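This report refers to the structure that appears directly beneath it.
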Amino acid sequence: MGSAANPQTLGERVGLIPRRSSRASRIADMGFQGIVWLCAACVIAIVGFILLQLIKGSGLSLHQFGWKFFTGSDWDPVNGNFGAVPFIYGTLVSSLVALVIAVPLSLGVAVFITEMCPRSLRGILSYLTELLAAIPSVIYGLWAIFVLIPLLRKYVEPMLGSTLAWTGLFTGPIYGVGMLTAGIILAIMIVPIISSITREILVSVPQNQREAALALGATRWEMIRVGVLRNARAGIFGAIILGLGRALGETMAVTMVIGNRPEVAKSLFAPAYTMASVVANEFSEATGDLYTSALIEIGLALFIVTIIVNIFAQLLVWTVTRGTPRRANA
Amino acid sequence: MPEVKPRIQWSRWVADKLATIIAILCVALVILPLAAIFIYLVIRGIGSLNLAFFTQIPKPVGETGGGMANAIVGSGVILLVGSAIGVPLGVGSGIYLSEYSRGQFGKLVRFTADVLNGVPSIVIGIAVYALLVLGHHFSAFSGGVALGIMMIPTITRSTEEMLRLVPNSIREAALGLGIPQWRSTMSITLRTAMSGVVTGIMLAFARVSGETAPLLFTAFGNPFWSTRLDQPIAALPLQIFVYAISPFDEWHRLAWAGSLVLIVLIVATSASVRWVTSRGFVAGAQ
Chain A
33 MGSAANPQTL GERVGLIPRR SSRASRIADM GFQGIVWLCA ACVIAIVGFI
83 LLQLIKGSGL SLHQFGWKFF TGSDWDPVNG NFGAVPFIYG TLVSSLVALV
133 IAVPLSLGVA VFITEMCPRS LRGILSYLTE LLAAIPSVIY GLWAIFVLIP
183 LLRKYVEPML GSTLAWTGLF TGPIYGVGML TAGIILAIMI VPIISSITRE
233 ILVSVPQNQR EAALALGATR WEMIRVGVLR NARAGIFGAI ILGLGRALGE
283 TMAVTMVIGN RPEVAKSLFA PAYTMASVVA NEFSEATGDL YTSALIEIGL
333 ALFIVTIIVN IFAQLLVWTV TRGTPRRANA
Chain B
98 MPEVKPRIQW SRWVADKLAT IIAILCVALV ILPLAAIFIY LVIRGIGSLN
148 LAFFTQIPKP VGETGGGMAN AIVGSGVILL VGSAIGVPLG VGSGIYLSEY
198 SRGQFGKLVR FTADVLNGVP SIVIGIAVYA LLVLGHHFSA FSGGVALGIM
248 MIPTITRSTE EMLRLVPNSI REAALGLGIP QWRSTMSITL RTAMSGVVTG
298 IMLAFARVSG ETAPLLFTAF GNPFWSTRLD QPIAALPLQI FVYAISPFDE
348 WHRLAWAGSL VLIVLIVATS ASVRWVTSRG FVAGAQ
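If you're matching them up, the sequences are chains A and B in order.
Sequential numbering of the first sequence, starting at 33, is according to our numbering.
Sequential numbering of the second sequence, starting at 98, is according to our numbering.
Right, dumping it as structure tokens:
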């Protein structure tokens, strides 16, 4: 192609690209690479910027309370006393309740979809569980207020109160709103994330593990238990932690059902408050710099905790899915 | 051929069947709330969906009627601003990760995108508040920025994945024709993966369109008509939240109707994406 007198490239000759000097095209190339590099750098800059804003905004509260902020349980905006314990407690316990409910359900769903159900049902079942993830938080909240809470108040909580009161977790007056309700709604919201990641992990378990177990005469359940679940343990743990990360930061639905009372109570029937929901409720009407600063500090704590949880989970998931051959047709 | 049935212990047989039954129960328990939510949305919401809902602004407390026209338009404005920020940045960094990244910087970007994806939306709201609202006032623009930030990680990772599906032979063919790399990336690699990239954008869009928490102290909400970027603006999820926790039956009715509209928009988006991808436009790039 191209003689010395006609130094066009083939692309120029067929009209795919306009003729241009190689210098101009080199500059264009560098410019383009610079632009996409800037976009990528923006991602890092945004996370840095969020952290910076949170640290700057919470400076006053950090200075005033120090570590006492995380050990004090008095939340008194009128007298300028701020302790975050009730919110940390509410966030941890509601997420824990959510995990207790969601983990067995998600594992059951993931195992059923990947190992048990007929091929024709797989697609539709995974679509339906993922649809749960597409429902906005505020709609979960709305549904919980008008459907779930009356149901819990009338039937479920009285039943729990009469049978399991000895545990100390199900005592006291029944409001409908409270820790248990928040845990249940969070559980529904994190089932799709835990089950879809678990599914991915189960699929990445090599097929010969299953065949080996079956060849030894295992029943299907034994094959799943020994050949699949045992191999996927670390990854499933990662999926659960990712679900935890989601539950910790969930805001709207929890704010609408948890009762928003900054108290530490043992009973799951009692109203509580979470870190995310106190920010959602009080931030735009916080009066005074210290109040705003205390709320931002709660946001900072939430940011740091969710980042640590997510990184930890991501590492666990990677150790399992990386490098293993994928089984066709998830 | 006669079927050989292995003899197994009775207890093992029971455990096997029990496990299957428990797994089916789990699926039923997960599908149940899904069905309940959709059924309630339709039953409670459909009666209030009339022309007024889509054309009028909210009436003051105590008056019946009124609609959410301003909230629907407001959501559109915020999402437009969000997309204007999130789509170019997301696609750009996706292109960088797939086509240019070598070594540590690419890894760092990928990792940071995952971190950003896990940041609670309310925290993003606080950060945008500190930057754009503090010292000024609540505005549609700041709400759009918050949603745009939330779109970036999803779009980045999906764009990267889709571009990686494009075979190297196509890039080599383009470069072999003497096409500059930027042109080959934009007109050939990106175009080949276009339907996949658009899918990622649509999913990110659907995801943020129901977000409420980051709008609480950025867009803030507004009971009146407004499309100005520098003023507080109504948004559908915000309005649903305010109405849902209010003590008025009339407002509850509107909250259900608004939720039905929101969920129909979201499900229609994700279903059309699913339909397009299942038709093999994306798989065709492999």
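Just so you know, even glycine gets a beta-carbon here, dropped at the ideal spot from N, CA and C.
Because the structure is a prediction, the values reported are computed rather than measured.
Hey, is residue i's beta-carbon within less than 8 Å of any beta-carbon in chain A?
| i | result |
| --- | --- |
| Phe-345/B | no |
| Val-216/B | yes |
| Leu-326/B | no |
| Ala-352/B | yes |
| Gly-171/B | no |
| Pro-329/B | no |
| Phe-238/B | no |
| Val-127/B | yes |
| Pro-334/B | yes |
| Gly-189/B | yes |
| Gly-381/B | Interpretation of Gly-381/B is limited by its pLDDT of 42, a score under 50 that renders its predicted location unreliable; no figure is taken from the coordinates. |
| Ala-181/B | no |
| Ser-367/B | yes |
| Leu-228/B | yes |
| Ile-249/B | yes |
| Thr-161/B | no |
| Val-295/B | no |
| Ala-341/B | yes |
If you check the beta carbons only, do residue i and residue j fall under 8 Å apart?
| i | j | result |
| --- | --- | --- |
| Leu-332/A | Ile-87/A | yes |
| Leu-326/B | Ala-237/B | yes |
| Ile-76/A | Val-225/B | no |
| Leu-274/A | Ile-225/A | yes |
| Arg-129/A | Cys-123/B | Note on residue identity: the sequence assigns Val, not Arg, to residue 129/A. It is not a contact, given that the beta carbons lie outside the stated cut-off. |
| Val-341/A | Gly-277/A | yes |
| Ser-236/A | Thr-161/A | no |
| Ile-181/A | Val-223/A | no |
| Gly-318/B | Leu-335/B | yes |
| Pro-118/A | Glu-295/A | yes |
| Ala-285/A | Ala-176/A | yes |
| Gly-240/B | Leu-312/B | yes |
| Ala-149/B | Gly-173/B | no |
| Ser-158/A | Ile-145/A | yes |
| Phe-314/B | Gly-245/B | no |
| Ile-217/A | Tyr-187/A | no |
| Ser-299/A | Phe-202/A | yes |
Determine the chain B residues that contact residue i at a beta-carbon separation under 7 Å, and present them in chain order.
| i | result |
| --- | --- |
| Gln-346/A | Asp-211 |
| Val-179/A | Ala-133 and Tyr-137 |
| Ala-60/A | Pro-277 and Trp-279 |
| Ile-25/A | Residue 25/A cannot be examined here, being either before or after the span of chain A that is shown, 33 to 362. |
Compare the C-beta of residue i with all C-beta atoms of chain B and state if any pair is closer than 8 Å.
| i | result |
| --- | --- |
| Asn-342/A | yes |
| Met-284/A | yes |
| Met-148/A | yes |
| Arg-154/A | no |
| Val-349/A | no |
| Trp-253/A | yes |
| Gly-140/A | yes |
| Ile-339/A | yes |
| Val-352/A | no |
| Phe-102/A | no |
| Val-143/A | yes |
| Val-223/A | yes |
Chain A partners of residue i, CB-CB under 8 Å?
| i | result |
| --- | --- |
| Ile-434/B | Lying before the first or after the last residue shown, residue 434/B is absent from chain B, which here runs from 98 to 383. |
| Ala-168/B | Within 8 Å Cβ-Cβ: nothing; Ala-168/B doesn't reach chain A, min ~12 Å. |
Can you name the residues of chain B whose CB is closer than 8 Å to the CB of residue i?
| i | result |
| --- | --- |
| Ile-2/A | The structure shown has nothing for residue 2/A, since chain A only spans 33 to 362. |
Give the interface partners of residue i over in chain A, defined as CB-CB distance under 7 Å, in chain order.
| i | result |
| --- | --- |
| Pro-130/B | Ile-220 |
| Thr-256/B | Ordered by position in chain A, no residue passes the 7 Å Cβ test against Thr-256/B, which lies about 10 Å from the chain. |
| Thr-253/B | Val-75 |
Run through chain A and tell me which residues come within less than 9 Å of residue i, C-beta to C-beta.
| i | result |
| --- | --- |
| Thr-289/B | Within chain A, no residue comes near Thr-289/B; the closest Cβ sits about 15 Å away, beyond 9 Å. |
Determine the chain B residues that contact residue i at a beta-carbon separation under 9 Å, and present them in chain order.
| i | result |
| --- | --- |
| Trp-175/A | Pro-130, Ala-133, Ile-134, Tyr-137, Leu-138 and Ser-356 |
message: Restricting to runs no shorter than 3 residues, where is the beta strand (DSSP E) found entirely within the segment 145-213 of chain A?
response: As far as the segment 145-213 of chain A is concerned, it has no whole beta strand (DSSP E) run of at least 3 residues.
task: Taking a Cβ distance cut-off of 9 Å, strictly less, list which residues of the segment 105-124 of chain B are near chain A, in chain order.
output: Result list: Ile-105, Arg-109, Trp-110, Ala-112, Asp-113, Lys-114, Leu-115, Ala-116, Thr-117, Ile-119, Ala-120, Ile-121, Leu-122, Cys-123 and Val-124.
message: Any C-beta of chain A within less than 9 Å: which residues of the segment 263-285 of chain B qualify?
response: Under the 9 Å Cβ criterion, the segment 263-285 of chain B contributes Ala-271, Gly-273, Leu-274, Gly-275, Ile-276, Pro-277, Gln-278, Trp-279, Arg-280, Thr-282, Met-283 and Ser-284.
- prompt: Just by C-beta distance, which residues in the segment 307-337 of chain A are closer than 7 Å to chain B?
  reply: Under the 7 Å Cβ criterion, the segment 307-337 of chain A contributes Ala-308, Val-311, Ala-312, Phe-315, Ser-316, Ile-328, Gly-331, Leu-334 and Phe-335.
- request: Name, going along the chain, the residues of the segment 133-149 of chain B whose beta-carbon falls closer than 9 Å to a beta-carbon of chain A.
  value: Within the segment 133-149 of chain B, the qualifying residues are Ala-133, Ile-134, Phe-135, Tyr-137, Leu-138 and Arg-141.
task: Using a Cβ-Cβ cut-off of less than 8 Å, give me the residues of the segment 74-97 of chain A that come near chain B, in sequence order.
output: For the segment 74-97 of chain A, the set of residues with a beta-carbon nearer than 8 Å to any beta-carbon of chain B comprises Cys-74, Val-75, Ile-76, Ile-78, Val-79, Phe-81, Ile-82, Gln-85, Leu-86, Lys-88 and Gly-89, in chain order.
query: Which of the residues in the segment 311-324 of chain B, read from start to end, lie with their CB under 8 Å from any CB of chain A?
result: Here the close residues are Leu-313, Phe-314 and Phe-317.
message: Which runs of the alpha helix (DSSP H) at least 4 residues long sit entirely within the segment 303-348 of chain B? Give them in chain order.
response: The alpha helix (DSSP H) runs of length 4 or more contained entirely in the segment 303-348 of chain B are, from start to end of the chain, 333-341.
query: Can you list, in chain order, the residues of the segment 287-306 of chain A whose Cβ is nearer than 7 Å to any Cβ on chain B?
result: Answer set for the segment 287-306 of chain A: Met-288.
field: Every unbroken alpha helix (DSSP H) within the segment 206-276 of chain B, with a cutoff of 4 residues, ordered by chain
entry: If we require 4 residues or more, the alpha helix (DSSP H) runs fully inside the segment 206-276 of chain B come out as 218-225, 237-262 and 265-273.
task: Tell me the start and end of each unbroken alpha helix (DSSP H) in the segment 232-320 of chain A that is at least 4 residues and wholly inside, in chain order.
output: DSSP runs (the alpha helix (DSSP H)) wholly in the segment 232-320 of chain A: 239-247, 265-281, 284-289 and 307-314.
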